[in-house]
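Numbering (the working numbering), first residue to last: 35 to 289. Glycine included, C-beta positions come from ideal geometry on N, C-alpha and C. None of these values were measured; they are calculated from a predicted model. Everything on this sheet refers to the single structure shown next.
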Amino acid sequence: MKPLLIDMDGVLRIGKSPANGLKEFIEFINNSGIPSCIISNTTLSNAVQFKEFFIKNNVEVNFPVMTCADAAYNYVKEKYKTVAAYCSEPVKSMFDEFKIDGQPEAVVIGDMWKNWDFKILNEIFVKVYNGADIIAMQKNRFWQTPEEGLLLDVGPFVSAIEYATGKESVLIGKPSKIFFEIGLKQINANLENGFLMLGDDLEVDIKPAQDYGGEGILIYSGKTTQQMQKNSIINPDYETENLFDVIELLKKKLF
Numbered sequence: 035m036k037p038l039l040i041d042m043d044g045v046l047r048i049g050k051s052p053a054n055g056l057k058e059f060i061e062f063i064n065n066s067g068i069p070s071c072i073i074s075n076t077t078l079s080n081a082v083q084f085k086e087f088f089i090k091n092n093v094e095v096n097f098p099v100m101t102c103a104d105a106a107y108n109y110v111k112e113k114y115k116t117v118a119a120y121c122s123e124p125v126k127s128m129f130d131e132f133k134i135d136g137q138p139e140a141v142v143i144g145d146m147w148k149n150w151d152f153k154i155l156n157e158i159f160v161k162v163y164n165g166a167d168i169i170a171m172q173k174n175r176f177w178q179t180p181e182e183g184l185l186l187d188v189g190p191f192v193s194a195i196e197y198a199t200g201k202e203s204v205l206i207g208k209p210s211k212i213f214f215e216i217g218l219k220q221i222n223a224n225l226e227n228g229f230l231m232l233g234d235d236l237e238v239d240i241k242p243a244q245d246y247g248g249e250g251i252l253i254y255s256g257k258t259t260q261q262m263q264k265n266s267i268i269n270p271d272y273e274t275e276n277l278f279d280v281i282e283l284l285k286k287k288l289f
């Protein structure tokens with residue numbers, strides 16, 4: 035069985051609530067022997083907060099969990115001594131050891147939810163204009179929750195800084211190839227031998243998975259509707275309505 039990479043928001047978690055079939059799906063994965071890793075583009079949480087979410091909902095996850103915030107921290111630790119982090123707590127505190135009062139070597143940009151404003155964007159612009167590298171945790175265009183509806187994600191803000199400074203960012207999260215490689219490495223797998231990607235985003239989950247030699251399982255519990263898929267040039271390898279459908283699909287591939 036090919037290894038499985040699993041998105042979090044829109045797949046396992048819908049807004050602040052567990053997705054329909056979460057407990058059954060995780061139990062199936064735990065017992066199936068399928069090498070699996072959760073890889074999430076969220077920059078509002080890290081792996082610790084994800085694990086707390088599962089514990090709170092009485093779900094035991096026996097496989098790795100990784101967010102692009104965790105991956106960004108590891109990347110920065112290898113490359114830089116000083117950075118300025120622009121993201122929400124508790125993720126921002128992960129970068130406290132790199133803080134500096136003056137000009138940093140890099141700025142790390144994640145989602146700041148409703149706290150984006152001109153002052154913050156201009157601070158980032160000035161630091162990058164003066165030489166700091168741009169480290170983008172992710173560049174999603176938008177996301178969606180039942181509570182708030184459609185929301186701008188961090189991508190438009192990163193793109194604004196790139197445009198204003200003429201500099202390109204280093205992308206850590208999906209659809210970056212490096213993030214897929216890191217996720218597979220957590221379960222002793224690699225891109226060359228193929229993999230499955232379960233996600234709700236055509237551009238960030240499905241297409242890159244296919245580009246890197248994997249197969250994409252689109253689930254309609256998150257941001258992508260069936261009409262959006264019909265209007266897209268991206269065609270997933272498999273389409274599912276919910277996690278119960280995914281279980282049945284994986285059973286067929288196993289047996």
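In the three-state scheme derived from DSSP, where H, G and I count as helix and E and B as strand, residue 74 is classed as strand. Per DSSP, residue 103 is one residue of the alpha helix (DSSP H) stretching across 102-113. In this structure, residue 258 lies away from residue 279, with their beta-carbon atoms at least 8 Å apart. About 4 Å separates the beta carbons of residue 59 and residue 277, which is inside the 8 Å limit, making them a contact pair. By the C-beta criterion, the region 103-112 is judged to be in contact with the region 68-81, since at least 3 inter-stretch pairs fall below 8 Å. Nearest neighbour of residue 168 by Cα position, chosen from 160, 108 and 204, turns out to be 204. Taken in chain order, the complete beta strand (DSSP E) segments of 3 or more residues contained in the region 36-60 are 38-40. In the structure shown, residue 169 adopts extended strand secondary structure according to DSSP, grouped into three states. Excluding five sequence positions before and after residue 196, the CB atoms of its chain that fall closer than 8 Å to its own CB belong to 168, 202 and 203, given in chain order. Taking the Cα of residue 72 as reference, the smallest distance to any Cα among 90, 62 and 98 is reached at 98.
Here residue 194 is not bridged, per DSSP, to any residue.
Beta-bridge partners assigned by DSSP to residue 142: 119 and 169. The beta carbon of residue 255 sits closer than 8 Å to the beta carbons of 44, 45, 48, 53, 54, 234, 275, 276 and 277 from its chain, once the five residues preceding and following it are set aside; these are given in chain order.
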